[in-house]
Amino acid sequence: LEEIIEVFVWNQLAFHAKPCALLNISGYYDSLQAFIQHMAASRFLAAEHAARLHFTASLDDAFAHLLRPAPVLPLKWLDRAASAPRS
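With the numbering used here as the guide, the letters of the sequence shown map in order to residues 21 to 107.
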């Protein structure tokens, strides 16, 4: 679980722009999906970022999602110019 969240957060921070998908067999990741949806509904997580983690029970759907290019999202909450080291 820690590695899944780590890759998801790296995607949010633009360390990579690869699509993320979880194969949710027999509802194994239903609680994680509900938690991420709750975080988005509570505005703790941007809805656009929550949508970056794709849950599916279909292997074909997972591969189709992984083969689509992931759109690059702006980091509205982080101003890179303001966070750059000052001389």
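For each residue, glycine too, the CB sits at the ideal point set by N, CA and C.
Quick one, are the C-beta atoms of residue i and residue j less than 8 Å apart?
i	j	result
L42	F75	yes
A88	C40	Note on identity: in this sequence residue 88 is Arg, with Ala being the wrong assignment. For R88 and C40, no; Cβs fall outside 8 Å.
A67	A60	yes
Q32	H58	no
N44	A77	yes
If you reduce the DSSP assignment to three classes, tell me which class residue i lands in.
i	result
A104	For A104, the pLDDT reaches just 49, beneath the cut-off of 50, and the residue's location in the model is therefore unreliable, although a value from the coordinates is still provided. Three-state result, A104: coil.
A41	strand
L73	strand
S62	coil
A90	coil
Considering only C-alpha positions, which residue in the set the options is nearest to residue i?
i	options	result
A90	K38, F28, I25	K38
What are the boundary residues of the alpha helix (DSSP H) that residue i is part of?
i	result
F83	79 to 87
F28	22 to 32
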